[in-house]
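Undergrad:
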Amino acid sequence: MKIVCIGGGPAGLYFALLMKQLSPAHDITVVERNRPYDTFGWGVVFSDATMDNMRAWDRETADAIEVAFNHWDDIELHFKGRTIRSGGHGFVGIGRKKLLNILQARCEQLGVKLVFETEADSDADYPDADLVIASDGINSRIRQQHAAVFKPDIVTRPNRFIWLGTKKIYDAFTFLFEKTEHGWFQAHIYKFDDTTSTFIVECPEHVWKAHGLDAADQDQSIAFCEKLFAGNLRGEQLMTNARHLRGSAWLNFQRVTCEQWSLYNGRSHVVLMGDAVHTAHFAIGSGTKLALEDAIELTRQFKELGHTVDRIPQVLARYQQLRAVDVIRLQNAAWNAMEWFEVCGERYCDQLEPEQFMYSMLTRSQRISHENLRLRDKGWLEGFERWFDARSGLSAPHAVPPMFTPYTVRSVTLKNRVVVSPMAQYSCVDGMPADYHLVHLGARAMGGAGMVVAEMTCPSPDARITPGCPGLWNDAQAAGWKRIVDFVHRETDAMIAMQVGHAGAKGSTNAPWQGAGADQPLQSGNWPLIAASPVPYLDQGGAVPKAMDATDMARVTADFVRATRLAADAGFDWLELHCAHGYLLSSFISPLTNRRTDAYGGSLTNRLRYPLEVFAAVRAAWPGHLPMSVRISAHDWVDGGITPADAVQIARAFKAAGADLIDCSSGQVSAEQKPTYGRMYQTPFADRIRNEAGIATIAVGAISEADHVNSIIAAGRADLCAVARPHLANPAWMLTEAAKIGYTAAPWPKQYLTAKSQLESNIVRERAALTAAKVSA
Ligand SMILES: Cc1cc2nc3c(=O)[nH]c(=O)nc-3n(C[C@H](O)[C@H](O)[C@H](O)COP(=O)(O)OP(=O)(O)OC[C@H]3O[C@@H](n4cnc5c(N)ncnc54)[C@H](O)[C@@H]3O)c2cc1C
Ligand SMILES: Cc1cc2nc3c(=O)[nH]c(=O)nc-3n(C[C@H](O)[C@H](O)[C@H](O)COP(=O)(O)O)c2cc1C
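So for the sequence shown, numbering that gives the first Met the number 0 puts the first residue at 0; every next one is plus one.
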């Protein structure tokens, strides 16, 4: 085959040499506009795993890189006058020039033609090539020329960064954070040869502009950075090797993805590779890894399917199919890490103490979890756990996992950070909690969670979602609840919360297993609905609620107050006001369901007015020593609906009104919603609200392992985690999770104690069997 690689970066060179190695008969040329020793940038890093992959494909190249690379394990943070270091992270750093020279030398050794100082204008310049590799980098001309086919999606990110070098040698991947009068800057630093370190400086656009850096040339920018980081540089200079770039050399990261990776131009097959087809932010340092692994995958496909011209279409199709999956996974992780650095100045730098800031930074990609950190550096993690224990009020900190630390709010202390999330059971008659609820809530209270939250309970008969929903509008119901509360207090060390809510437009419907199913109006016995505006939940077949007038509002507020008093009489420890999921109070908050033109509609302030009035009335009726949380939908997942930024404002308003925590759910406000599900998918809302609005939060949604809870709580993304469906599957979810992570100090009900050591040793035995099976495989 005749192959031309346009662009002699890591992607083009590595593919060229791998294919030449596959068969010397291939005629392969790499066309590069620069001279052999010209390059931008300093060092690149990739992980040990990438090296292993390269070793399997071309030992010579891997050996040469190994001799030249700098390996280090530690990450070091310099923040607020403190230095914190943790190990076990396994990076390889190498100068970009060195890497390219190794690849160039290997290409020459194998017989690849390297053509330098030649600009390729188009793939059409090489009409006799069977295959053109467009490895021409992030600004790929070939990709732009065929944009209609490749359909690139390019997102320009808000932060500014400059890629510098220094002769100061750092022996860890080092992060410096410095506060200025206009905001925070950070530096990402890593050594890549015996005399030089890469030094990338980054800040948000507004901070960059406020310092006049948009008007600064390279020398002025360097002088600024030297002064900013003088305390760390201690007289060492910063250097640029991007003199060829005009202007300031401060860049914005561009995230590139493409729908299609290859095409046929009538003469040759053309395929994108490396940064030309995808980019990954330097926050997880994997652009070079992706480029090298693209080259490996394309070679693998040629090797498996045949490296002849007729096989090219199948090979290119499989190359995209396989690589796209890995790439999207890495881009997602890189995206999380990148966003962390974009928002850290606003959200974490001022808010978090150095220990927790370090934890948050290490877990920024959300790919590294608590137990993963333990594997990397047990000593550091246990030190962090002891710090966290002390912050949680444990008198003798002894590395208790964050999930099992206590949490105190007002006069209530939860024994740990997990609450059983409220879950409607639709199993009442006339709103009466009965045996079913005693068993359901009682079992979960015995299961180890710090608190169980009763399902949404309604302050009047017409406030119910279904005829099976529980109520708190009369003394008999209060007595029914008291029986359950007393059981929980007498037999367990869990707390119990009441969630009060009014169904609004989503009332008078079936239980999920009845009639036409959940959200569908009852076949008979419907009651009139009220809401902020006459907007039905379901476009088709949904009942139209009446827009509430002043009389309705006064009546509903009084109903909520009565329910609150009855909840206090029943002895509940905690009250949650349900302002989420499209129910009555939520219908006021969301612009999708609030079309009012009076003082209760329009701006967010107006839309919050009625929910805040109810909150104030309820808070006044609820004992002052007991906590109150508010559940909100922090994202409507519909254009024009509530956004996470709005949710911060909503949280601030409830905080000002006296709420103790915001329970951060999302969606269910509009049937048009398009949520993005995934593990812990709503936790970013809890994180943002906690750290921007400065109020404690409860994270909820697809939190299904101890590792999730530990990571969320330890990083300061939330104060509590609500776990719902896993508790339906296993009432003793907490006790089971404790055993799974080897935490044996979680208290068990005395009647169940004989099961504890059996469960623990069974788990140990299963693990050992699994490990043995893996080893023998
Ligand atoms: C600040 C910063 C830090 C980074 N740090 C890391 C890191 O730590 N680890 C990591 O893995 N990655 C890092 N990267 C990303 C990494 O540099 C790229 O992902 C990687 O180089 C991609 O390789 P490539 O071969 O696809 O493209 P490139 O390396 O960009 O190579 C493309 C080549 O094509 C040439 N070219 C372009 N157009 C033409 C043309 N028309 N004719 C001829 N030649 C042409 C260019 O001169 C260039 O040599 C970083 C990037 C930045 C900006
Ligand atoms: C059967 C069921 C009933 C629910 N009922 C309520 C409820 O009454 N009040 C509420 O705020 N959320 C309710 N939810 C939402 C849960 O509290 C929780 O937010 C959601 O299930 C996501 O958590 P998970 O992934 O741990 O299940 C319910 C969820 C389920 C599965």
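Glycine is no exception: its CB is placed at the ideal position from the N, C-alpha and C atoms. No experiment lies behind these values; they were computed from the predicted model shown.
(1) I'd like to confirm something about PRO421: is its beta-carbon nearer than 6 Å to some heavy atom of ligand 4, or not?
(2) Please indicate yes or no: does the CB of ARG724 lie closer than 6 Å to some heavy atom of ligand 2?
(3) Between ASP706, ASN709, THR682, which lies nearest to THR696 when the distance is taken from Cα to Cα?
(4) Excluding five sequence neighbours on each side, which residues of the same chain lie with their C-beta closer than 7 Å to the C-beta of ASN335?
(5) Verify whether the separation of the beta carbon atoms of TRP472 and ALA569 is less than 7 Å.
(6) Since I believe LYS226 is in contact with THR194 (beta carbons under 8 Å), could you give me their beta-carbon distance rounded to a whole number of angstroms?
(7) Anyone know if the C-beta pair for GLU381 and ALA398 falls short of 7 Å?
(8) Here's the rule: buried if 16 or more other CB atoms are within 10 angstroms of the residue's CB, otherwise exposed. What is SER391?
(9) Take the Cβ of TYR786 as the centre, count every other Cβ of all protein chains shown within 10 Å, and call the residue buried at 16 or more, exposed below.
(10) May I have the straight-line CA-CA distance separating TYR189 from ARG618, to the nearest angstrom?
(11) For ligand 1, I want to know if PHE45 counts as a neighbour, meaning its beta carbon is within less than 6 Å of at least one of the ligand's heavy atoms.
(12) Do you know how far the Cα of ALA705 is from the Cα of ILE740?
(13) Any C-beta of chain D sitting closer than 7 Å to the C-beta of PHE45?
(14) Evaluate the contact criterion for the region 95-114 versus the region 2-20: three or more CB pairs, one atom per stretch, below 8 Å.
(15) Using C-beta distances below 6 Å, list every residue in its chain close to GLN217, excluding the 5 sequence neighbours before and after it, in chain order.
(16) Does the beta-carbon of ARG678, which I'm using as the reference point, lie nearer than 6 Å to any heavy atom of ligand 2?
(17) My understanding is that TYR425 touches THR456, with C-beta atoms under 8 Å, so please give their C-beta distance in whole angstroms.
(18) Quick one: what's got a C-beta closer than 7 Å to ASN593's C-beta in the same chain, skipping five residues either side?
(19) Are the CB atoms of MET357 and ILE83 within a distance shorter than 7 Å?
(20) So, is SER220 buried or exposed, given that buried needs 16 or more other C-beta atoms within 10 angstroms?
(21) Please state if the CB of LEU603 and the CB of SER669 are separated by a distance shorter than 7 Å.
(22) Report buried or exposed for TRP512, applying the criterion of at least 16 other Cβ atoms within 10 angstroms of its Cβ.
(23) For ASP26, which beta-bridge partners are listed by DSSP?
(24) What does the alpha-carbon distance come out to for the pair ARG310 and ILE295?
(25) With 16 other CB atoms within 10 Å as the buried threshold, where does ASP635 fall?
(26) Indicate the three-state DSSP secondary structure (helix, strand or coil) for ILE295 in the structure shown.
(27) Assess contact between the region 414-424 and the region 445-462, defined as three or more Cβ pairs (one per stretch) separated by less than 8 Å. Is contact present?
(28) Any contact between the region 735-751 and the region 427-444? By contact I mean 3 or more CB pairs, one from each, below 8 Å.
(29) Nearest-angstrom Cα distance between PHE486 and ALA395?
(30) Does the count of Cβ pairs from the region 343-351 and the region 48-67 closer than 8 Å reach three?
(31) Below 6 Å, is the gap between the Cβ of GLU736 and the nearest heavy atom of ligand 2?
(32) Within its chain, find whatever has a CB closer than 8 Å to the CB of LYS19; leave out the 5 residues flanking it on each side and keep chain order.
(33) State yes or no: is the C-beta of ASP645 nearer than 6 Å to some heavy atom of ligand 1?
(34) Tell me ALA721's beta-bridge partners as DSSP assigns them.
(35) Please give the ranges of any alpha helix (DSSP H) in the region 576-646, keeping only runs that are unbroken, at least 4 residues long and fully inside the region.
(36) Could you tell me the alpha carbon to alpha carbon distance between TRP162 and ALA566, rounded to whole angstroms?
TA: This is what the structure gives:
(1) Ligand 4 is not part of the structure shown, which contains ligand 1 and ligand 2 as its ligands.
(2) Position 725 of the sequence shown holds residue 724. Result yes, Cβ under 6 Å from ligand 2.
(3) One-based indexing of the sequence shown puts residue 696 at position 697. The candidate whose alpha carbon is nearest that of THR696 is THR682.
(4) Taking the sequence shown and counting its residues from 1, the one referred to as residue 335 is at position 336. Around ASN335: ARG363, SER364, GLN365.
(5) Numbered from its first residue, the sequence shown carries residue 472 at position 473. Numbered from its first residue, the sequence shown carries residue 569 at position 570. No; because the gap between Cβ atoms is not below 7 Å, this pair is not in contact.
(6) Residue 194 sits at position 195 when you count from the first residue of the sequence shown. Residue 226 sits at position 227 when you count from the first residue of the sequence shown. With 8 Å as the limit, THR194 and LYS226 do not qualify as a contact, their Cβ atoms being about 23 Å apart.
(7) In the sequence shown, the residue the question calls residue 381 occupies position 382. In the sequence shown, the residue the question calls residue 398 occupies position 399. Taking 7 Å as the Cβ cut-off, GLU381 and ALA398 qualify as a contacting pair.
(8) As a first step, residue 391 must be located in the sequence shown, where it is residue number 392. Buried, by the Cβ-count rule.
(9) This structure cannot settle anything about residue 786, because the visible part of the chain is limited to 0 through 776.
(10) In the sequence shown, counting from the first residue as 1, residue 189 sits at position 190. In the sequence shown, counting from the first residue as 1, residue 618 sits at position 619. When rounded, the distance between both Cα atoms is 53 Å.
(11) By one-based count along the sequence shown, residue 45 stands at place 46. PHE45: yes, Cβ under 6 Å from ligand 1.
(12) Locating residue 740 in the sequence shown gives position 741, where the first residue counts as 1. Locating residue 705 in the sequence shown gives position 706, where the first residue counts as 1. Each residue's alpha carbon lies about 7 Å from the other.
(13) The structure shown contains no chain D; it is built from a single protein chain.
(14) yes
(15) Indexing the sequence shown from 1 puts residue 217 at position 218. Cβ within range, chain order: THR239, ALA248.
(16) If you number the sequence shown from 1, residue 678 lands on position 679. No; taking the cut-off as 6 Å, the Cβ of ARG678 has no heavy atom of ligand 2 nearer than that.
(17) Along the sequence shown, one-based indexing puts residue 425 at 426. Along the sequence shown, one-based indexing puts residue 456 at 457. With a Cβ gap of about 12 Å, TYR425 and THR456 do not count as contacting.
(18) Counting from one through the sequence shown, the residue named residue 593 turns up at place 594. So the qualifying residues of the chain are ALA531, SER532, SER586, PHE587, GLY600, ARG606.
(19) Walking along the sequence shown from the start, residue 83 turns up at place 84. Walking along the sequence shown from the start, residue 357 turns up at place 358. Yes; because the gap between Cβ atoms is below 7 Å, this pair is in contact.
(20) Here residue 220 refers to the residue found at position 221 when the sequence shown is read from its first residue. SER220 comes out buried.
(21) On the sequence shown, residue 669 is found 670 positions in, with the first residue counted as 1. On the sequence shown, residue 603 is found 604 positions in, with the first residue counted as 1. Not a contact, by the Cβ cut-off of 7 Å.
(22) Within the sequence shown, numbered from 1, the residue matching residue 512 stands at position 513. Exposed is the call here.
(23) Taking the first residue of the sequence shown as position 1, residue 26 is located at position 27. DSSP lists LYS1 as partners of ASP26.
(24) On the sequence shown, residue 310 is found 311 positions in, with the first residue counted as 1. On the sequence shown, residue 295 is found 296 positions in, with the first residue counted as 1. If I take the Cα positions, the gap works out to 17 Å.
(25) As a position in the sequence shown, residue 635 is number 636, starting the count at 1. The residue is buried, with at least 16 neighbouring Cβ atoms inside 10 Å.
(26) As a first step, residue 295 is located in the sequence shown; it is residue number 296 there, counting from the start. The answer is helix: DSSP assigns ILE295 an H, G or I state.
(27) yes
(28) no
(29) As a working note, residue 486 is residue 487 in the sequence shown. As a working note, residue 395 is residue 396 in the sequence shown. If I take the Cα positions, the gap works out to 31 Å.
(30) no
(31) Position 737 of the sequence shown, counting from 1, holds the residue named residue 736. GLU736: no, Cβ never under 6 Å from ligand 2.
(32) Position 20 of the sequence shown holds residue 19. Around LYS19: HIS25, ILE27, CYS106, LEU109, GLY110, VAL111.
(33) Residue numbering aside, residue 645 sits at position 646 when the sequence shown is read from its first letter. ASP645: no, Cβ never under 6 Å from ligand 1.
(34) Within the sequence shown, the letter at position 722 stands for residue 721. BP columns for ALA721 point to VAL418, VAL699.
(35) 583-588, 603-620
(36) Stepping through the sequence shown from its first residue, residue 162 is reached at position 163. Stepping through the sequence shown from its first residue, residue 566 is reached at position 567. Looking at the two C-alpha atoms, the distance is approximately 60 Å.
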